[in-house]
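Protein chains: 2
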Amino acid sequence: MTALALFAENGVHGTSLQQIADRLGVAKATVYHQFATKDALIEAVVQPAVESLGVLLAAAEPITDRGEQVEVLLNGLVDLVINGRELSAVTHGDPGVAALLGSNPILRGHGERVLGLLLGPDPSPSRRVAVSMFNAGLMLSGTDPMVAGLPDEDLRQELLAGARRLLAED
Amino acid sequence: MTALALFAENGVHGTSLQQIADRLGVAKATVYHQFATKDALIEAVVQPAVESLGVLLAAAEPITDRGEQVEVLLNGLVDLVINGRELSAVTHGDPGVAALLGSNPILRGHGERVLGLLLGPDPSPSRRVAVSMFNAGLMLSGTDPMVAGLPDEDLRQELLAGARRLLAED
DNA sequence: GTCTATAAATTGATAGAC
DNA sequence: GTCTATCAATTTATAGAC
Numbered sequence: 032m033t034a035l036a037l038f039a040e041n042g043v044h045g046t047s048l049q050q051i052a053d054r055l056g057v058a059k060a061t062v063y064h065q066f067a068t069k070d071a072l073i074e075a076v077v078q079p080a081v082e083s084l085g086v087l088l089a090a091a092e093p094i095t096d097r098g099e100q101v102e103v104l105l106n107g108l109v110d111l112v113i114n115g116r117e118l119s120a121v122t123h124g125d126p127g128v129a130a131l132l133g134s135n136p137i138l139r140g141h142g143e144r145v146l147g148l149l150l151g152p153d154p155s156p157s158r159r160v161a162v163s164m165f166n167a168g169l170m171l172s173g174t175d176p177m178v179a180g181l182p183d184e185d186l187r188q189e190l191l192a193g194a195r196r197l198l199a200e201d
Numbered sequence: 032m033t034a035l036a037l038f039a040e041n042g043v044h045g046t047s048l049q050q051i052a053d054r055l056g057v058a059k060a061t062v063y064h065q066f067a068t069k070d071a072l073i074e075a076v077v078q079p080a081v082e083s084l085g086v087l088l089a090a091a092e093p094i095t096d097r098g099e100q101v102e103v104l105l106n107g108l109v110d111l112v113i114n115g116r117e118l119s120a121v122t123h124g125d126p127g128v129a130a131l132l133g134s135n136p137i138l139r140g141h142g143e144r145v146l147g148l149l150l151g152p153d154p155s156p157s158r159r160v161a162v163s164m165f166n167a168g169l170m171l172s173g174t175d176p177m178v179a180g181l182p183d184e185d186l187r188q189e190l191l192a193g194a195r196r197l198l199a200e201d
């Protein structure tokens with residue numbers, strides 16, 4: 032999707048349908064023919080990642096061994112970021128987007144389930160901060176120019192290594 | 032500054048001068064009397080942090096012992112986040128803001144100096160990713176609702192602990 | 001310094017021809 | 001399906017009275 036690139040560049044609020052239409056080389060009304068509203072377009076951009084996240088959660092939640100569960104989750108989350116470097120930054124960047132996505136009950140539920148699994152039962156303040164840092168760090172590193180040149184596989188392994196250091200169970 | 036709270040809530044692009052004026056209880060023209068443009072207002076909001084960062088850099092850069100230098104820098108950066116939880120999220124959240132701040136040569140320079148010190152000489156890909164994760168994690172954790180309830184001093188220590196785990200020198 | 005009023009441009013969104 | 005034309009609302013920003 033072309034809209035995603037613009038969202039990543041200028042933020043969702045900073046991207047007008049006119050800009051999207053211009054870059055697509057079509058008229059603004061053409062965009063409105065496919066998406067009823069701007070919010071619908073945003074949701075369409077986000078949807079594939081939401082579904083992937085749902086699959087990952089369904090796979091991780093039944094795992095009873097805590098260490099293995101976290102490991103599966105971390106691997107899956109890193110893969111999601113690698114497969115869509117731009118998207119993750121968009122969803123975590125603009126506070127306005129966070130509010131809009133928070134109104135989507137499915138995505139909201141997924142976010143809470145991910146955090147619930149990472150936090151574990153009865154999380155300490157220490158773990159809360161570690162999970163928070165991991166969450167932000169993972170999502171925004173995907174588009175950080177500082178690591179933009181790294182091949183996918185290298186970035187994958189380094190993100191995993193960082194996550195393990197940050198989230199090492201006490 | 033009242034504008035900061037709104038920026039943190041809705042993003043910079045998502046906050047109009049009308050909203051700012053309304054919350055301040057004054058007319059829009061009154062805001063324009065103090066700040067020539069919206070960009071000038073944004074820069075004014077950011078400026079105190081820029082100056083603090085400059086002081087921190089001036090203190091850290093002359094330190095010759097590498098371990099001590101990083102330690103001073105981490106402590107200072109965490110303090111900056113604690114002292115302005117909202118601001119750091121604003122500056123790192125909206126991609127549009129990042130672009131605007133990137134056009135400010137002073138802030139741009141400060142950012143590069145911080146990263147340069149954290150990366151150290153001839154940084155490995157591994158270190159680049161770790162620094163990137165730390166950077167994003169530190170800045171966005173300041174406003175994460177998950178840690179919003181923590182007292183400043185607790186958050187301070189936990190952020191430092193996370194930073195040290197993430198950035199432990201090889 | 002603060003206000004009302006307004007300008008000029010852009011926004012999200014719609015109507016209707018082809 | 002894509003276009004031109006247009007709507008009402010909102011945006012940044014300015015002019016000028018008090």
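Chains A and B, in that order, give the protein sequences. In terms of the working numbering, the first sequence has 151 at position 120, counting the first letter as 1, and numbering is strictly consecutive. In terms of the working numbering, the second sequence has 98 at position 67, counting the first letter as 1, and numbering is strictly consecutive. Beta carbons: idealized from backbone N, C-alpha and C, even for Gly.
Close to S134(A), with beta-carbon spacing below 7 Å, lies no residue of chain B; the smallest spacing is near 14 Å. Between G56(B) and A120(B) a beta carbon distance of about 25 Å is seen, past the 8 Å cut, so the two are scored as non-contacting. The residue among V145(A), P136(A), L197(A), G107(A) with its C-alpha nearest the C-alpha of G193(B) is L197(A). Between A39(B) and P126(A), the CB-CB gap stays under 8 Å. Taking a cut-off of 8 Å for Cβ pairs, the stretch 181 to 195 of chain A and the stretch 42 to 59 of chain B do not touch, as fewer than three such pairs fall below it.
Within the stretch 52 to 101 of chain B, complete beta strand (DSSP E) segments of at least 3 residues are not found at all.
Shown here, D153(B) sits in coil according to DSSP, grouped into three states, outside any helix or strand.
T61(B) sits exposed, since fewer than 16 C-beta atoms from the chains shown fall within 10 Å of its C-beta. Look at H44(B): its C-beta is under 8 Å from a C-beta on chain A.
In the pairwise beta carbon analysis, the stretch 132 to 142 of chain B is classified as touching the stretch 75 to 91 of chain B: at least three pairs are separated by under 8 Å.
Residues of the stretch 106 to 128 of chain A with a C-beta less than 9 Å from any C-beta of chain B: A120, V121, H123, G124, D125, P126, G127, V128, listed in chain order. Apart from the 5 residues on each side of it in sequence, R159(B) sits with its Cβ closer than 8 Å to the Cβ of L150 in its chain, given in chain order. Taking a beta-carbon distance threshold of 8 Å, V76(A) does not count as an interface residue toward chain B. Look at S47(A) here: in three-state DSSP terms it is coil, with no helix or strand label. Within the stretch 121 to 152 of chain B, complete alpha helix (DSSP H) segments of at least 4 residues are found at 126 to 133, 136 to 150, given in chain order.
In this chain, A199(B) is not harboured by any alpha helix (DSSP H), its DSSP state being neither H nor E. According to the DSSP assignment, A39(B) belongs to the alpha helix (DSSP H) that extends over 33 to 41.
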